[in-house]
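Have a look at the structure below, then the notes.
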Amino acid sequence: MNSLKFSESLIELLASTAFEAPSILEINNLPVVNNDIVKKLIEVYMDEAIDFILSLGLKPLSTSFLAEDVYTLCNENSLLFIGRFLGGLIPAAHIYRYRTLCKSNLFLHSHPIPMPIPSPEDVISAAQIGYDVECVVSRISSFKAMLTCIEPLKDWDKVIANYDTIAEKVLNVARFVVVINKGDMSFLPMPSIDEISSLLLIYKKVLERYAEVLYVDIDINRKVFAY
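In numbering that gives the first Met the number 0, the protein residues as written are 0 to 226.
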């Protein structure tokens, strides 16, 4: 793969997307449950699970609140905003079109939950569409965000093959937010700052033989970053 040079100006450009990134942390009274409840509810019928959540006095969050901003890098000085997509779904057709338009090998999107690492679906999409660098930006508190970029040393196959360990750690976080879409309820991880720090260490350790991983700490209030 053609390695992308992460100059300070490029990192600053990518990190700047955090200031406008949508986040559910801005929503009051999020319906959050602990891991034990999630493990219990995935074993029951959907109607039973929804009734149980409602019995706790919680109202599942509509997936319409899960907004993601998507960008592509056209050149080192130009980051093109593709759009803001709701419901946690980004149409692949948009990515294909802009990849051709910009001849881009880097795409960046925001995560609405405090999870600043690419999901398994993110890296599979990168492999299928054929770009080299996947970046994710996410607010992890009211004043802090994180940017993660991953670039395989050879190809995405080894990265994808080693993602099970990472996914397992993500599913072991203490708290999850309850979301619902047309009667289908699901749970999204809501890791604490300490859990995020642990996940980032594990992420880099698991993938260090297969990919370059860049982390950038972003101070939302002061608009400064460190990497």
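Positions of the beta carbon are idealized from the N, C-alpha and C atoms, including for glycine.
Remember, it's a predicted structure, so these values are computed and weren't measured experimentally.
Q. For the candidate residues SER6, GLN127, VAL43 and ALA14, whose alpha-carbon lies nearest to that of ARG221?
A. ALA14
Q: Express the C-alpha separation of SER140 and ILE52 in angstroms, rounding to a whole number.
A: 25 Å
Q. What's the gap between the Cα of LYS157 and the Cα of GLY56?
A. Rounded to the nearest whole angstrom, the C-alpha separation of LYS157 and GLY56 is 44 Å.
Q) Between which two residues does the alpha helix (DSSP H) carrying PRO59 extend? A) Element bounds for PRO59: n/a, residue is neither H nor E.
Q) With distances taken from CA atoms, which of ILE112, SER137 and THR99 is nearest TYR130? A) Nearest to TYR130 by C-alpha distance, out of ILE112, SER137 and THR99, is THR99.
(Q) Suppose you measure from the CA of ALA160 to the CA of LEU206; what does that come to, to the nearest Å? (A) 10 Å
Q) With respect to the alpha helix (DSSP H) encompassing PRO119, which residues constitute its N-terminal and C-terminal limits? A) 119 to 128
Q: With a cut-off of 8 Å on the beta carbons, I'd call GLY87 and THR71 a contact; round off their distance for me.
A: Not really, about 19 Å apart at Cβ, beyond 8 Å.
Q: Look up MET45 in the DSSP assignment and say whether it is helix, strand or coil.
A: helix
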